[in-house]
Amino acid sequence: MTLNIAHRGFSGEYPENTMLAFKKASETHCNGIETDVQLTKDGIPVLIHDETLDRTSNGTGLVKDYTYSELLKLDFGNGQKIPALEDFIAFSKEKNLFINLELKNSIIEYESLESITLNLLDKYSYPKDKVILSSFNHYSMVNIKTLDKSYKTGLLYDCWIYEPGNYCRLCGADAMHPQFLSVLNKKLVDDIKIKDFQINTYTVNDAEYMKKLLNLGIDGIITNYPDLLNQIMQQS
Ligand code: G3P
Ligand code: MG
Numbered sequence: 001m002t003l004n005i006a007h008r009g010f011s012g013e014y015p016e017n018t019m020l021a022f023k024k025a026s027e028t029h030c031n032g033i034e035t036d037v038q039l040t041k042d043g044i045p046v047l048i049h050d051e052t053l054d055r056t057s058n059g060t061g062l063v064k065d066y067t068y069s070e071l072l073k074l075d076f077g078n079g080q081k082i083p084a085l086e087d088f089i090a091f092s093k094e095k096n097l098f099i100n101l102e103l104k105n106s107i108i109e110y111e112s113l114e115s116i117t118l119n120l121l122d123k124y125s126y127p128k129d130k131v132i133l134s135s136f137n138h139y140s141m142v143n144i145k146t147l148d149k150s151y152k153t154g155l156l157y158d159c160w161i162y163e164p165g166n167y168c169r170l171c172g173a174d175a176m177h178p179q180f181l182s183v184l185n186k187k188l189v190d191d192i193k194i195k196d197f198q199i200n201t202y203t204v205n206d207a208e209y210m211k212k213l214l215n216l217g218i219d220g221i222i223t224n225y226p227d228l229l230n231q232i233m234q235q236s
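In structure tokens form, the structure reads like this:
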């Protein structure tokens, strides 16, 4: 069965990567939530997509230049505050959600982001089969496996990787996380599936594409509209 994964929470309707968006996603009965992890100046992992604050809050500048307590003063929409990764992990564990933690370290190489994230998952004894780490920085995903190979990793990409199944194996990863257009090519899907790796694809907001991807037996669909994907999954 395909996993319905809410992208940055229920971001189609609520301010992305906020506790409100995560709660609303969980109320749609999606299977999981994807979110983006960055580090504050004082090394606290927080959830925000951009390296800068400008698009999603009333702040300006780089996330890494502010302490966590400084960031807590900002409004991320509807009075929402920036969530700490720890709050998200506690919430998701209670709701028994699958979580996809995307490490945002391909523009800024946050030192120790991998170990800080794994330590928090360990602290909450998050079930290993209910979490996957992903990144566009594939060196970081190899690093995760050197820290603790029992955590699953997914490789994010938005191009047509040559022989993706072989590449996944080379990086010691568990899954490929492609932008969805390349997944519509059967040859590329088969190349990954035949080697027994999983495919979680992003970001699918269109009903027709959702249907096509469900028919292809993709393992996970990451969407801003988990409610729409639920409806389509029930019909098919
Ligand atoms: O993890 C899937 C997707 O979120 C990757 O791209 O830019 O939306 O974080 P982005
Ligand atoms: Mg993301």
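Counting along the sequence shown from 1, when you hit position 40 you're at 40 in the UniProt record's numbering, and nothing is skipped either side.
Note that the Cβ used here is the ideal one computed from N, Cα and C, for glycine as well.
query                                                                                                                                                                    : result
Buried or exposed: where does Gly220 fall if 16 or more other Cβ atoms within 10 Å of its Cβ makes it buried?                                                            : buried
Would the beta-carbon of Gly154 fall within 8 Å of that of Asn224?                                                                                                       : no
Does the ligand G3P have a heavy atom nearer than 7 Å to the CB of Thr203?                                                                                               : yes
Run through the stretch 147-212 for me and flag every whole alpha helix (DSSP H) of 4 or more residues, listed as ranges in chain order.                                 : 164-170, 180-183 and 186-193
Quick check on the DSSP output: what are the complete alpha helix (DSSP H) runs of length 4 or more inside the stretch 77-161, in order along the chain?                 : 85-94, 113-123 and 138-147
Can you list, in chain order, the residues of its chain with a C-beta nearer than 8 Å to that of Asn96? Leave out the 5 residues immediately preceding and following it. : Lys130
Is there contact here, the stretch 169-182 with the stretch 120-138, by at least three beta-carbon pairs under 8 Å?                                                      : yes
Can you tell me the Cα-Cα spacing of Ser236 and Lys211, whole angstroms?                                                                                                 : 8 Å
When you measure from the CB of Asp36 to every non-hydrogen atom of the ligand MG, does any distance come out below 7 Å?                                                 : yes
Return yes when the Cβ of Thr56 is within less than 8 Å of the Cβ of Leu85, no when it is not.                                                                           : no
Just verifying my parser: in three-state terms, what is the DSSP assignment at Glu70?                                                                                    : helix
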